[in-house]
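S.K.: In our numbering, the protein residues as written are 551 to 740. C-beta: ideal position from N, C-alpha, C; glycine also. Computed from a predicted structure; not experimentally measured. Have a look at this one before I ask anything.
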């Protein structure tokens, strides 16, 4: 009987303490309507552009910033890390109209095939998406014909975005490492 009375008392104190402390603590989260932030109907947008990754010459748009002692011995350049600020254009030609930049980091993250970890933002500088960004974080097996990477967020017109990007190499120079990649991006956003 004493155990039962002690259990009942402890249970009461636990519930009472929880009720009192929850009314005194600051609010950590709350559910709100999307309309509170001015969000209306969600849209699906298709973006099409070309990514110019230039690692050679006097003005490279991507540069190596790190490597492991084993990177040069690896057939996949495992451990290689580069930072990029690559132009995004309307067509594959280098003098095509620039619509933004791909800014971020890519690294060789596979020991068995040439596959990059891509961590980049598409930063748009033209049209209705000027000043908006899309964030990509995913795997890019560069010698596959088409690669798919997730869109994990964005800013500006792309707040609350999600979707995917498909990359297809248009041109790649094995000697210099320069490349032009076609991107088709499908993104849900408000």
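Relative to the C-alpha of residue 704, which candidate in 680, 616, 620 and 694 has its C-alpha closest?
M.R.: Residue mapping note: residue 704 aligns to position 154 of the chain shown, counting from 1. Minimum Cα distance to residue 704 is reached at 680.
S.K.: Suppose the cutoff is 8 Å on Cβ atoms and the five residues either side in sequence are ignored; what does the same chain contact list for residue 576 look like?
M.R.: The count along the chain shown starts at 1 and reaches residue 576 at position 26. Hits under 8 Å: none found.
S.K.: Which residues share a DSSP beta bridge with residue 733?
M.R.: The residue labelled residue 733 in the question sits at position 183 within the chain shown. Residue 733 is bridged to 599 and 717.
S.K.: Taking only heavy atoms of the ligand FAD into account, decide whether any of them is closer than 6 Å to the Cβ of residue 740.
M.R.: You won't find the ligand FAD in this model; it holds no ligand whatsoever.
S.K.: What are the start and end residues of the beta strand (DSSP E) that includes residue 666?
M.R.: Here residue 666 refers to the residue found at position 116 when the chain shown is read from its first residue. Start and end: 665 to 674.
S.K.: Give me, in chain order, the residues of the same chain whose beta-carbon lies closer than 6 Å to that of residue 642; leave out the 5 immediate sequence neighbours on both sides.
M.R.: Translated into the one-based positions of the chain shown, residue 642 becomes position 92. Only 600, 720 and 730 meet the Cβ criterion.
S.K.: For residue 609, count neighbouring Cβ atoms within 10 angstroms of its own Cβ and tell me buried if that reaches 16, exposed if not.
M.R.: Here residue 609 refers to the residue found at position 59 when the chain shown is read from its first residue. Exposed, because fewer than 16 other Cβ atoms sit within 10 Å of the Cβ of residue 609.
S.K.: Do you know how far the Cα of residue 580 is from the Cα of residue 589?
M.R.: Here residue 589 is taken as the residue at index 39 of the chain shown, counted from 1. Here residue 580 is taken as the residue at index 30 of the chain shown, counted from 1. In a straight line, the C-alpha of residue 589 is about 17 Å away from that of residue 580.
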